[in-house]
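Only one structure is covered here, and it is reproduced in the block below.
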Amino acid sequence: MLEYSITAHSNKGGEAYAKANNGIVKIDASAGKIDELPNPAELLLTSLAACMLKNVERFSEILKFDYSEAQVEIKGFRNDVPPFMSEIHYVLKVKSDMDERKLQLLHKNILKFGTITNTLAKASELKGTIAFLH
Numbered sequence: 005m006l007e008y009s010i011t012a013h014s015n016k017g018g019e020a021y022a023k024a025n026n027g028i029v030k031i032d033a034s035a036g037k038i039d040e041l042p043n044p045a046e047l048l049l050t051s052l053a054a055c056m057l058k059n060v061e062r063f064s065e066i067l068k069f070d071y072s073e074a075q076v077e078i079k080g081f082r083n084d085v086p087p088f089m090s091e092i093h094y095v096l097k098v099k100s101d102m103d104e105r106k107l108q109l110l111h112k113n114i115l116k117f118g119t120i121t122n123t124l125a126k127a128s129e130l131k132g133t134i135a136f137l138h
């Protein structure tokens, strides 16, 4: 079993940061909104994006395809009472000369083997598509 750990720190006013490995991520932990920093919901969606993009890289080696770029757009829909992310929609695009069958296999593997995709799919309705980036 893998174990992950981070540390986070906040000052009065809500400007916060989290440390993971040797990286630092600034975050909005304010009672209101700090426009320059991602809030917790945006960080959740960012984690999903990172998981998907990491798995594009990982599966490019396993499935033996080359790609030059990948991008993902994600929207989360928050339920008010109780507050939770009820739906998450994504569009993942990959610039590659692989065929459609391999693209769909990539999508299937991302959904099956992604730690964050699996976690969020258990807690929210996760819907999305994969397409070629032109």
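Residues in the sequence shown are numbered consecutively from 5, following this note's numbering.
Glycine included, C-beta positions come from ideal geometry on N, C-alpha and C.
Strand pairing of residue i, partner residues [DSSP]
{"i": "Ala12", "result": "Ala22"}
{"i": "Gly132", "result": "Tyr94"}
Residue i - DSSP class collapsed to helix/strand/coil
{"i": "Leu96", "result": "strand"}
{"i": "Ala35", "result": "coil"}
{"i": "His111", "result": "helix"}
{"i": "Leu137", "result": "coil"}
{"i": "Leu6", "result": "coil"}
8 angstroms Cβ shell around residue i - same chain, five flanking residues per side excluded
{"i": "Gln108", "result": "Ile134"}
{"i": "His138", "result": "Lys99"}
{"i": "Ser4", "result": "The structure shown does not extend to residue 4, since the chain is modelled only from 5 through 138, so no value can be given for it."}
{"i": "Val60", "result": "Tyr71, Ala74, Leu96, Val98, Leu110, Ile114"}
{"i": "Arg82", "result": "Ala45, Phe88, Met89, Ser90"}
{"i": "Leu48", "result": "Gly80, Met89, Leu124"}
Nonlocal neighbours in the same chain, by C-beta distance under 7 angstroms from residue i, ignoring five residues either side
{"i": "Thr50", "result": "Pro42"}
{"i": "Cys55", "result": "Gly118, Thr119, Ile120, Thr121"}
{"i": "Leu124", "result": "Leu52, Ile92, Leu130"}
{"i": "Lys106", "result": "Leu67, Phe69"}
Same chain only: Cβ atoms within 6 angstroms of residue i, ignoring 5 sequence neighbours per side
{"i": "Leu3", "result": "What is shown of the chain runs 5 to 138, which leaves residue 3 out entirely."}
{"i": "His111", "result": "Ile134"}
{"i": "Lys97", "result": "Gln75, Ala135, Leu137"}
{"i": "Ser14", "result": "Ala20, Ala33"}
{"i": "Thr11", "result": "Lys23"}
{"i": "Met3", "result": "Nothing in the structure corresponds to residue 3, since the chain is present only between 5 and 138."}
message: For the region 17 to 29 against the region 57 to 68, do three or more pairs of beta-carbon atoms, one drawn from each stretch, fall closer than 8 angstroms, so that the two count as touching?
response: no
- request: Examine the Cβ distances between the region 81 to 99 and the region 118 to 129 and report whether three or more of them are shorter than 8 angstroms.
  value: The region 81 to 99 makes contact with the region 118 to 129: 3 or more CB pairs, one atom from each, lie closer than 8 angstroms.
query: Which runs of the alpha helix (DSSP H), 4 residues or longer, sit entirely within the region 26 to 89?
result: For the region 26 to 89, whole alpha helix (DSSP H) runs of length 4 or above, ordered along the chain, are 44 to 66.
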